[in-house]
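Participant:
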Amino acid sequence: RERERGRDMGCCRPKTDSPPRYGGTRPNRVEEVIHKEEVILRVPGASVHLMDEEAVELAKGDLVILGIFEEGVLLATIIRITPDLQWPLTKDEPVVKLDELHYLFSLPENDSSFLNYGLSFAGTDSRLANLDSFLKENSCFTVSSP
1 RERERGRDMG
11 CCRPKTDSPP
21 RYGGTRPNRV
31 EEVIHKEEVI
41 LRVPGASVHL
51 MDEEAVELAK
61 GDLVILGIFE
71 EGVLLATIIR
81 ITPDLQWPLT
91 KDEPVVKLDE
101 LHYLFSLPEN
111 DSSFLNYGLS
121 FAGTDSRLAN
131 LDSFLKENSC
141 FTVSSP
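Position one of the sequence shown corresponds to residue 1 (full-length UniProt numbering), numbered consecutively onward.
(1) Assign Leu131 to one of three DSSP states: helix, strand, or coil.
(2) Taking the straight line between their C-alpha atoms, what separation do you get for Asn116 and Ala76?
(3) What residues in its chain sit with their C-beta under 6 Å from that of residue 147, if we drop five residues either side in the sequence?
(4) Using a Cβ-Cβ cutoff of less than 6 Å, which residues in the same chain neighbour Val33 once the five nearest sequence positions on both sides are dropped?
(5) Are three or more beta carbon pairs between the region 118-135 and the region 42-52 nearer than 8 Å?
(6) Look at Leu89 and Leu58 and say whether their C-beta atoms are less than 7 Å apart.
(7) Beta-carbon within less than 7 Å of Val39's beta-carbon, same chain only, minus the 5 sequence neighbours each way: which residues are those?
(8) When we look at the beta-carbon of Glu137 and count the other beta-carbons within 10 Å, is it buried (16 or more) or exposed?
(9) Once DSSP output is grouped into helix, strand and coil, what is the label at Asn116?
(10) Would Glu93 be called buried (16 or more neighbouring beta carbons within 10 Å of its own) or exposed?
(11) For Lys97, is the classification buried or exposed, using 16 other Cβ atoms within 10 angstroms of its Cβ as the cut-off for buried?
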């Protein structure tokens, strides 16, 4: 009887309550998704202009084409000139090679118009041929007739 009374008085219970139960299951953990950036191509000496009524220089630097991967699967391709100037490259994005050193990228805007970026290079570089090959495979690439 002494033991039974002790149990009734809470003597044998832990001093702290057990953690609350959530419907009998633990809450789901938010899984952290890790994206990996990989440099696909780098071409030095790039200059980018916003092509509007007048060309406005936006940045100079290396053109870097980045692949964004998750678990080895390519999710997106990004063209970056500086950390503040980058845009996505898609298979249906029009890219025109105007001449040996000049390209035009056209990005669709919400109102059915296009945002046009002019990309030029300071001089010839063997990596421009690699850029052309990459753009042929990964965008709607055309070469302007002289």
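Even glycine gets a Cβ: it sits at the ideal position worked out from N, Cα and C.
Facilitator: Here's the rundown:
(1) helix
(2) 20 Å
(3) This structure gives no information on residue 147, because the portion of the chain shown stretches from 1 to 146.
(4) none
(5) yes
(6) no
(7) Val64 and Leu66
(8) exposed
(9) strand
(10) buried
(11) buried
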